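A.B. asks:
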Ligand code: GLV
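Residue numbers (my numbering): 9 to 332.
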């Protein structure tokens, strides 16, 4: 008999087909995530769980699933999963790094450009019938070419953003908890302590995972260090930025603009105070949303899940200590 697996959302067809070859599948066939209580019920008889970043996978859920052999997340970030609890229960957790790096870096750069050149406002201006003439001072934005970019978090996506920014002759600074001298010389980028990076940068782009250390990293004190002309881009996780501090910084002109793909809370309610600001653009967490990238992510998630079911080491495992 094939192992029985719970999948918390519809998968791209090719990934679903390969999943069906190795297991029997129950899918939450809706556009919004399954409620926690539903997941608790559904995992009772399952040997594997394929989940998304919108699912809360905590110790309680794992305890409801005595047969669970693997948790396979279809995303690179996994702050929704209590990895410590999984390790303590001997359950490997997989994620999907690498295959969304370029899509995400492309999108971070697209947000940077959109904020710098006020593309959202420009589109609204035309659609609302405001366009009367060519104007010398109409919708003035900020130069990207030659400006200083501060990258916070020099992982795969941060590095991929640096490569894009080099093409615009940007001066590139980075902050990370560990310095990476080889990457510095390869990419022609300079290390700065975070506070110096914030003081010097025209654009600040966040590329850290969400952890206890990075939660609220961008707080009032940090915004106060930034240039009044600075633009913040966030494609990492919403809670890395304190939303009230961001509102005040944008409202009071402490920084000029923000472009977010991730928010706190997520989804951001349409009546949230952030959405009253003219100097903010928000996308609905779609940085990795290309057909290629999402197909590859789902394929990688299936690959991890299948390995876990066979009792093999997951090719992309976030808690390798589970094997030690
Ligand atoms: C998306 O945010 C991901 O973590 O893959």
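Virtual Cβ for every residue (Gly too), placed ideally from N, Cα, C.
Every value quoted in this text rests on a predicted model; they were computed, and no experiment measured them.
1) Closer than 7 Å: is that where the CB of residue 293 sits relative to any heavy atom of the ligand GLV?
2) Is the closest heavy atom of the ligand GLV to the C-beta of residue 296 under 7 Å?
3) Looking at the strands, I want to know which residues DSSP matches up with residue 8.
4) Which same chain residues end up closer than 6 Å to residue 80 when comparing Cβ atoms and leaving out the 5 residues on each side of it in sequence?
5) Is it true that the CB of residue 116 sits closer than 8 Å to the CB of residue 241?
6) For the alpha helix (DSSP H) that contains residue 281, what are its first and last residues?
7) Can you give me the Cβ contacts of residue 188 inside the same chain, cut-off strictly under 7 Å, excluding the 5 residues immediately before and after it?
8) Need the endpoints of the beta strand (DSSP E) that residue 158 sits in, please.
9) Is it buried or exposed for residue 55, if we count other Cβ within 10 angstroms and need 16 for buried?
10) The ligand GLV and residue 118: does the residue's C-beta get closer than 7 Å to at least one heavy atom of that ligand?
11) When DSSP labels each residue in this structure, what does residue 120 get in the three-state scheme?
12) Regarding residue 108 and the ligand GLV, is the C-beta to nearest heavy atom distance less than 7 Å?
13) Grouping DSSP H, G and I as helix and E and B as strand, with all else coil, what is residue 24?
14) Using the rule of at least 16 other Cβ atoms within 10 Å of the residue's Cβ for burial, across every protein chain shown, is residue 14 buried or exposed?
15) Please indicate yes or no: does the CB of residue 83 lie closer than 7 Å to some heavy atom of the ligand GLV?
16) Going by the CB atoms, is the gap between residue 227 and residue 267 shorter than 8 Å?
17) Identify which residue in 40, 233, 225, 229 has its Cα closest to the Cα of residue 244.
18) Do residue 201 and residue 182 have their beta-carbon atoms positioned less than 8 Å apart in this structure?
19) State the Cα-Cα distance for the pair residue 279 and residue 285, rounded to the nearest angstrom.
20) Would residue 78 and residue 65 be called neighbours here (beta carbons separated by less than 8 Å)?
21) Between the Cα of residue 125 and those of 289, 34, 33, spot the shortest distance and give me the residue it belongs to.
22) Alpha carbon to alpha carbon, what distance is there between residue 30 and residue 250?
23) Give, in chain order, every unbroken run of the beta strand (DSSP E) that is at least 3 residues long and sits entirely within the region 193-230.
24) By the 10 Å Cβ neighbour count, where 16 or more other Cβ atoms means buried, how is residue 166 classified, buried or exposed?
25) How big is the Cα-Cα spacing for residue 73 and residue 274?
26) Report buried or exposed for residue 270, applying the criterion of at least 16 other Cβ atoms within 10 angstroms of its Cβ.
27) Candidates 185, 178, 223, 221: which alpha carbon is nearest residue 212's?
28) Short of 7 Å in beta carbon distance, which residues of its chain neighbour residue 128, apart from the five on each side in sequence? Order them along the chain.
29) Assign residue 167 to one of three DSSP states: helix, strand, or coil.
C.D. replies: If we stick to the structure as given:
1) Distances taken from the Cβ of residue 293 to the heavy atoms of the ligand GLV include one shorter than 7 Å.
2) The answer is yes for residue 296.
3) Because residue 8 is not part of the residues shown, which for the chain are 9 to 332, the question remains open.
4) Close CB contacts of residue 80 within its chain, under the 6 Å cut and outside five residues either way in sequence, are with 58, 102, 309, 312, 313 (chain order).
5) Taking C-beta atoms as the reference points, residue 241 and residue 116 count as a pair closer than 8 Å.
6) Careful: residue 281 lies outside any alpha helix (DSSP H) and carries neither H nor E.
7) Excluding the 5 residues flanking it on each side, residue 188 has same chain C-beta neighbours closer than 7 Å at 162, in chain order.
8) Counting along the chain, the beta strand (DSSP E) containing residue 158 begins and ends at 156-160.
9) Result: buried.
10) No, the ligand GLV has no heavy atom inside 7 Å of this Cβ.
11) When DSSP states are grouped into helix, strand and coil, residue 120 belongs to the helix group.
12) In this structure, residue 108 has its beta carbon less than 7 Å from a heavy atom of the ligand GLV.
13) Note: residue 24 maps to helix in three-state DSSP.
14) With a 10 Å radius around the Cβ and a threshold of 16 neighbouring Cβ atoms, residue 14 comes out buried.
15) Answer for residue 83: yes, Cβ within range of the ligand GLV.
16) Pairing residue 267 with residue 227 gives a Cβ-Cβ distance that is not under 8 Å.
17) If you compare the alpha carbons of 40, 233, 225, 229 with that of residue 244, the shortest gap goes to 225.
18) No, the Cβ-Cβ distance between residue 182 and residue 201 is not below 8 Å.
19) Cα-Cα distance, rounded: 11 Å.
20) Contact flag unset, no.
21) The candidate whose alpha carbon is nearest that of residue 125 is 289.
22) Distance from the CA atom of residue 250 to the CA atom of residue 30, rounded to whole angstroms, is 43 Å.
23) You should have 211-214.
24) In the assembly as shown, residue 166 is a buried residue. Its beta-carbon has 16 or more other beta-carbons within 10 Å.
25) Using only the alpha carbons, I get a separation of about 27 Å.
26) Answer is buried; the Cβ neighbour count reaches 16.
27) That would be 178, whose Cα lies nearest to the Cα of residue 212.
28) Cβ neighbours of residue 128 beyond the five flanking positions: 122, 289.
29) Of the three classes helix, strand and coil, the one that applies to residue 167 here is helix, per DSSP.
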